[in-house]
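Single-structure report; data block below.
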Amino acid sequence: MVNKSVLVVGAGISGLTAAIEAAETGFEVFLVEKEAYLGGRVARMNQYFPKLCPPNCGLEINFRRIRSEHNLRFLTSAEVVQVAGQEGDFTVAVRQNPRFVNENCTACNKCAEVCPVERSNEFNYDLDKTRAAYLPHSFAFPTRYVIDGKACLGEKCGKCVEACAYEAIELKMQAREVTLKVGAIVWATGWEPYDAGRISAYGFGRFPNVVTNVIMERLASPLGPTGGRIVRPSDGKEVQKVAFVQCAGSRDENHLPFCSSVCCLASLKQATYVLNANPGAQVAVYYIDIRALGKFEDFFAKVQLEPNVTLIKGKPGEILEDGQTGDVIVVAEDQLARKITQERYDLVVLATGMAPSAGAQVPLLGLDDRGFVAPDQVPGIYGAGCVKRPLDVASAVQDATSAALKAIQSTVRRQLNG
Amino acid sequence: MRYFFYPGCSMEAGAGSYTKSLEAVARALDIELAEVPDWNCCGATVASSVIGDAPAQVMSLRNLAMVEGSGLDVVVACSSCYMNLALANRRFQNDPRFRALATKSLAAGGMQYRGKVRVRFILEVIANDVGFERIAARVKRPLKGLKVAGYVGCQSVRTIPWEFDDPEQPVALDELIGALGATAVPFPLKARCCGASHTLPQGEITSSSCRDILESAGEARLMVTPCPMCQLNLDAYQSEVNKAYGTNFQIPVLFFTQLMAVAFDLAPSTYGLKANIVAPGPVLAQYGVAV
Amino acid sequence: MADNSASSGRLKYEAGFAREVYGMENGSYLKLCMQCGVCAVSCATFKIMDYSPRRLFALVRAGRKEEVMKSNTFWMCTTCLMCKARCPRGIPIVDVMHDLKGLALKQGYVNYPQAAFYQAFWQDLAGRGRIFEGGVTARYFLKRGPKDFGKIMAQKDVGLKMLSHGRLPLRPPKAVKGKKELMQMVAKARELEQKGAN
Amino acid sequence: MAKKIGVFICTGCSIGEALDTEALARVATKEKKIPLCKKNAFLCGRQGAELIKQDVVAEGLEAVVIAACSPRINYDVFDFGPSTIVERVNLREQVVWSHPADDEDTQAMAEDYLRMGITKAQASELPVPYLAENMVKSILVVGGGLAGLTAANEAALAGYRVVLVEKEPFLGGFAGRMYKSAPSRPPYTDLEDTPVAGLVADVEASPLIEVHTKTTVARIEGGPCLYDVTLEKDGQPSSFRAGAIVVATGARPYDAARLDRLGYGRYANVVTGVALEDMAREGKIQRPADGKPVQNAVFVLCAGSRDPGHLPYCSSSCCVESLKQALYLKEQNPDAGVYVIFKDIRTLGRYEEFYKKVQNEGVIFIKGEVTAVSEDGSRNLSVEFADLLLGERAEAAEVDLVVLATGMVPSTVDYAEQGAEDCPAGNVPTVQQPVLNLAYRQGPELPALNYGFPDSHFICFPYETRRTGIYAAGSVRAPMDLAAATEDATGAAMKAIQCVELTSRGAAVHPRVGDLSYPEFFMQRCTQCKRCTEECPFGAINEDEKANPLPNPTRCRRCGVCMGACPERIISFKNYSVPMIGNMIKAIDVPEEDEEKPRIVVFACENDAYPALDMAGLNHLGYNAWVRVIPVRCLGSMNLVWVADSLSKGIDGILLLGCKHGDDYQCHFIKGSELADIRLSKVAETLGRLQLEPDRVRMVQVNIMDYDKVPGILDDFAERLVEIGPNPYKGF
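Sequence order for the protein chains is A, B, C and D.
Using the working numbering, the letters of the first sequence map in sequence onto residues 21 to 438.
Using the working numbering, the letters of the second sequence map in sequence onto residues 7 to 297.
Using the working numbering, the letters of the third sequence map in sequence onto residues 4 to 201.
Using the working numbering, the letters of the fourth sequence map in sequence onto residues 50 to 781.
This is how it looks when you write it as structure tokens:
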């Protein structure tokens with residue numbers, strides 16, 4: 021029997037797209053997400069280039085599509101642990117980790133109000149804290165609270181259980197395993213920021229005022245830890261002079277030998293964040309090549325015209341810190357001016373690249389030499405989005421739409437042939 | 007634990023106290039070091055330039071070929087020697103063209119090598135084979151409160167695979183300092199080059215580098231290093247630095263093995279503190295060490 | 004970098020020198036250089052180099068042999084491996100510098116004191132299989148002649164101190180027993196390397 | 050006949066504590082005469098939902114009004130099947146979480162919202178899906194190049210019939226003429242055979258695909274599932290019906306004749322990348338001038354692209370294509386000197402590894418700007434350029450071949466005038482090229498944004514199209530390379546399939562997917578004013594010769610812009626209409642003038658502004674309690690009569706919260722918010738004539754993230770209204 025349903029793993033922009041497109045076409049879809057909310061990395065972005073529009077706008081539409089789509093069911097806090105079978109007939113074991121909060125939750129916030137412990141907020145890349153009972157973020161979908169099992173004091177505390185009028189809290193909740201039978205699988209587990217701490221010369225982790233581009237998104241976001249004020253982590257000072265260092269990890273055989281495709285535009289976009297927050301600020305972008313493909317060139321041209329934005333051709337060799345002031349000093353060769361420069365900045369933003377997060381442990385999942393989902397490895401399993409190669413959002417959506425069709429073909433193929 | 011030990015020219019000569027202290031510490035830790043028989047110079051940073059990489063690396067391989075049958079690892083304590091031996095060995099193992107060339111060349115001198123020897127840096131051996139816990143357990147004279155700058159230098163740390171230590175901000179030496187009861191100070195330039203190869207032709211380059219490094223050591227009272235050239239430049243030329251830059255550095259620079267010997271409370275005669283030019287006596291006196 | 008200016012003449016791209024460099028043992032790695040510039044400021048001696056390594060490599064590609072060979076860039080290399088560790092294209096820049104030093108020695112671009120030092124060091128090494136620092140020093144000053152006389156005097160203080168602390172052996176080490184065989188190996192390797200290059 | 054309605058009030062989430070829910074219930078039972086009104090402390094809980102379900106069945110309720118949390122929450126809990134209308138009254142986020150408890154104004158607000166909700170439920174009808182005779186699901190693919198072949202093949206693999214139309218005698222298009230293609234798989238270093246030959250074979254062998262070569266599209270009329278397509282081959286027309294359309298007509302190379310600065314046209318040895326591809330395919334790359342071998346070659350990247358005088362955009366594929374061609378030369382002659390002069394090397398993603406491979410083959414890359422190309426007596430070329438990194442003027446001499454990486458221009462446009470070297474930046478005059486010949490009121494081709502590419506303006510929704518059911522794919526849509534075109538075409542095939550599936554069920558496509566309502570026209574009252582046909586963002590409405598609107602429901606995206614445009618208010622949806630909203634406004638209880646409690650109606654875009662208000666509530670940001678928010682499908686559906694309705698009711702001010710418009714517009718119905726703005730500007734004059742202050746109506750652009758600013762916007766407006774004073778029509 022050919023199973024006509026599709027499993028989509030990962031509910032970032034690629035997974036959401038693949039799942040919704042397939043469901044709206046009339047196929048039954050299961051969407052599995054390891055976080056407690058849908059939206060993935062884009063939910064943590066402040067704006068998209070080149071339109072500078074908020075990702076939550078498109079996510080809101082996608083969530084509305086999910087709300088009205090009966091063919092689509094999603095599981096949060098869930099991970100695929102086992103895949104067996106073949107195209108048209110896969111059996112997938114999914115482990116759903118305990119959320120400790122059930123469907124009764126009305127998001128009334130009473131549990132968080134009484135919760136006595138704090139946890140580091142990884143949604144904001146650990147720049148702030150939440151209570152152990154928390155809503156992942158204001159736009160979280162589903163709008164339900166979660167309890168961090170590691171931080172929670174458990175039943176001996178139990179304050180939240182008392183505070184909840186809806187019997188929504190189950191501190192005894194256990195992980196459960198769900199078995200899904202599907203005809204095709206779309207693997208869209210996305211990417212993770214390359215660990216900038218591995219680039220010793222740039223001082224991330226040693227110097228507080230060296231941050232990464234994903235952290236910058238949170239600093240600029242009105243929903244972020246600073247309410248959208250772009251400040252130095254060391255002293256909370258509003259930034260005047262910011263450097264962006266491109267290819268921090270990308271195009272580098274010691275780190276990611278490929279280009280991460282989006283960082284040039286992301287940094288140009290983030291330059292506009294800085295200028296919006298403080299029109300008098302100075303921004304420098306250190307680059308090897310500016311890669312603004314297609315009509316993104318217009319955006320590049322526009323930012324380049326900003327009088328307070330300077331582009332410096334030359335990848336910095338290292339970043340130093342002035343221990344007294346917390347200023348960070350970028351040492352680079354300005355190749356077009358043919359001189360060595362040592363410039364002082366309030367903040368350095370490393371354009372760290374995209375490492376695939378395919379999850380090498382999953383059986384049947386074919387990965388290539390760099391850990392991306394390889395093309396045509398296993399019939400019926402398709403990569404979508406950045407787990408396949410580094411992509412900007414629109415390209416990831418396109419790719420996910422095409423993966424949805426591939427998955428649909430897998431579910432009808434044997435019917436057509438047989 | 008048994009190893010072959012490759013001393014190299016410096017450790018035989020100007021850095022004799024390194025060899026001496028290493029042997030003392032090894033004895034204390036039940037490590038047996040047998041000298042590589044009839045070893046030859048690794049070529050330092052020079053041979054590759056004068057005769058080419060491959061011929062220079064063949065010279066290094068001869069040293070490994072000497073001991074291949076033993077099954078023992080070769081431990082190297084000089085950064086430059088380690089770099090040359092390890093890189094030659096790695097190339098022999100990974101580059102088939104070089105392997106063929108080297109095999110023929112060694113044969114021309116009646117020797118054979120199959121690439122089986124492991125070349126190891128002393129610090130890595132101490133970290134991995136001995137372990138800092140065992141070191142700490144052996145400490146008899148904890149160096150409490152002593153602020154030490156761990157200067158790793160350049161070549162060894164960037165030859166060792168990344169997995170062992172960060173090539174720019176290494177931590178193993180700091181951990182060792184900690185194991186001795188002392189405190190490793192923050193030291194941004196701990197893996198920066200001291201400029202050794204310029205000491206003779208253009209000493210001012212070395213002085214400039216050494217000044218930066220000494221300055222970067224901050225509040226350290228003492229510096230330790232695993233490299234004979236670094237030790238020589240920072241110690242013997244410290245007065246030159248002071249002369250050239252009007253500074254007043256008075257930082258004793260010890261081989262890390264000397265500091266281990268101090269913490270192990272070995273007999274001072276066995277680890278050669280007298281060879282140190284910036285006198286470590288005043289700093290070590292408070293720990294009861296008579297130099 | 005000493006040279007920030009652009010020369011006024013017109014640069015003619017010519018592949019001959021690039022081919023010569025690419026033909027050396029490590030020279031062909033230069034093909035991979037994408038001119039990112041990390042090496043330019045990763046070098047322990049970047050402040051006193053005529054050209055950054057990156058720029059030197061651009062000059063190699065452009066065929067500017069005289070400027071390359073007469074520059075101090077590769078002589079300033081201390082083999083600290085920082086550039087090699089950082090180069091995003093995995094170019095063993097240090098080894099390329101070795102090649103360029105070798106080319107300079109071979110073709111007589113030997114004005115920098117480092118050239119004399121390298122020659123002195125190798126001669127000392129070749130004679131014994133091991134190094135005698137005193138020997139290297141003596142040979143070096145012999146090569147440099149009277150112009151470096153001042154330097155000998157400058158080194159005097161340090162030398163005396165080292166002597167008094169037992170850091171300056173006055174007698175050379177024993178020669179390697181298998182020195183003859185060692186040199187046979189080297190000769191064979193040089194011969195094979197020559198063949199391989201051509 | 051009045052429908053049976055039940056009202057359910059949730060008292061949980063502090064609604065019960067903040068409001069007098071007894072009084073609220075009396076609004077339903079006494080004022081609105083709804084006999085069934087229940088309260089529950091946990092309506093979204095199992096028992097609460099069960100309570101409603103039982104009443105729906107037992108009482109035969111046709112509509113339920115749920116006064117609880119935002120409609121964005123618990124949508125699944127409060128779903129009682131397709132035959133029950135559900136109306137949500139947002140008491141939680143937009144009343145009690147954003148206003149003080151036990152407060153007269155808060156209570157009034159809640160009561161008004163309940164009145165409005167009940168009114169809306171009363172006016173709502175269940176939509177009846179639009180189903181026409183002979184709806185078909187086959188896909189028309191226009192263009193038989195890589196993208197078209199891919200779209201056709203992929204659709205067929207999913208079981209759909211396809212008609213593929215190609216104007217040339219052979220399939221394959223631009224990519225079909227290539228010698229090799231750039232690497233598409235690990236390790237991304239080796240050239241590959243192009244996928245075209247294999248695709249052509251698959252397409253020709255597929256029983257589901259009908260291929261028409263030497264054929265053009267003469268005319269397309271109708272809409273999704275109902276496209277009547279007329280093809281033309283050798284002057285002979287033929288017709289058939291198609292369900293959806295993929296446009297994959299590709300791009301053409303930028304006209305190199307405009308690049309005579311680079312010697313093209315003057316020197317035979319200056320060629321385009323396309324010409325080089327031809328030579329490579331034919332097996333020998335040589336000097337066109339004299340057939341001599343190529344020893345030295347220079348590639349000039351961005352020849353025409355990234356150039357304000359030519360194509361301001363980047364053509365995306367030229368870097369990688371030139372790298373590939375540089376390898377052709379190295380393959381033919383490993384000793385060839387091959388130079389690539391570039392602005393930036395744009396080898397994105399894993400193409401970086403290909404770049405490295407090409408470098409390793411000895412190709413030399415120079416960041417530079419070519420200033421002149423000249424030729425000597427033996428037809429050798431010299432390329433002069435500024436070497437940007439060495440900071441010198443440089444020259445490559447004795448060059449046998451200069452290859453210009455010309456950019457790409459979408460096939461849907463051509464340049465109006467040939468040979469002009471100094472076309473204005475970004476505005477090179479173009480003329481549209483007939484590709485689809487749509488019989489649409491708003492024009493025969495896909496609307497384009499900048500530079501003639503009919504791409505989507507949306508990052509999240511790259512297939513959002515302004516012509517429902519017609520999806521552009523490949524290099525006609527945006528400059529792209531082969532790999533991207535393949536993916537794009539597959540995605541477009543997916544969207545086409547989805548469109549026919551949804552349309553054949555009578556459901557809308559993106560972004561209101563599944564909406565079964567569609568606009569119905571009460572034609573007797575139409576005055577032929579043409580506003581609906583002109584303003585529909587999707588060109589869904591045609592016109593007959595007397596200017597009567599001819600709606601095409603399957604083209605409709607259900608935004609309601611036509612409804613907002615119509616001055617006669619003859620356009621309505623079953624569950625969304627001008628009178629419905631008008632009645633909601635009228636349901637608001639407007640206090641007497643002396644009570645000094647102004648009232649403000651806020652029309653809020655339901656995608657951005659409305660969720661932003663919810664977010665304000667979630668974050669407990671307070672704002673003025675005089676506002677009454679009415680969510681609209683799009684601000685473009687706002688009919689001016691609502692302003693009149695409000696003012697005559699005594700409402701003091703009207704605020705529109707809609708999406709950003711302009712170049713970076715965010716309205717998913719393209720220009721809905723802009724149209725609302727235009728309509729509002731017209732209203733200002735009328736207000737003046739009625740002795741009303743134009744300030745009483747205001748529009749503000751907000752996005753979903755402006756939730757922290759929305760309270761300020763509302764409060765400012767309220768303050769302004771206090772300054773102006775009460776609406777003089779109050780109480781009339």
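Ideal Cβ positions, reconstructed from N, Cα and C, are used throughout, including at glycine.
Values in this document were obtained by computation on a predicted structure and should not be read as measured data.
Element boundaries [alpha helix (DSSP H), containing residue i]
i, result
"D:E66", "64–67"
"C:W125", "116–131"
"D:I703", "Premise fails: D:I703 lies in the beta strand (DSSP E), 702–707, not in any alpha helix (DSSP H)."
"D:V252", "245–254"
"C:P56", "56–65"
Where residue i sits in the DSSP three-state scheme
i, result
"C:H101", "helix"
"A:G386", "coil"
"C:M4", "Its pLDDT being 43, under 50, C:M4 is placed unreliably in this model, and the value from its coordinates should be taken loosely. Correct three-state label for C:M4: coil."
"D:E743", "Reading off the sequence, residue 743 of chain D comes out as Pro, not Glu. If DSSP states are grouped into helix, strand and coil, D:P743 belongs with the helices."
"D:H559", "coil"
"A:S88", "coil"
"D:F652", "strand"
Run of the beta strand (DSSP E) containing residue i, from where it starts to where it stops
i, result
"D:W146", "Counting along the chain, D:W146 falls outside any beta strand (DSSP E), and DSSP gives it neither H nor E."
"B:G156", "153–156"
"A:G203", "Element bounds for A:G203: n/a, residue is neither H nor E."
One or two residues paired with residue i in a DSSP bridge
i, result
"D:C86", "D:V56"
"A:C73", "A:Y68"
"D:D239", "Note: D:D239 sits in no beta bridge, so no partner."
"A:W211", "A:P376"
"D:R268", "D:T279"
"A:R364", "A:I349"
"A:Y306", "A:V265, A:I332"
"D:I390", "D:V349, D:I415"
Residue i classed as buried or exposed, judged by whether at least 16 other C-beta atoms fall within 10 angstroms
i, result
"B:T205", "buried"
"A:E363", "buried"
"D:H506", "buried"
"A:E142", "exposed"
"B:L260", "buried"
"C:I155", "exposed"
With a floor of 3 residues, list each beta strand (DSSP E) that falls wholly inside the region 423–500 of chain D, ordered by position along the chain.
430–436, 441–448, 450–455, 457–459, 462–464, 479–481
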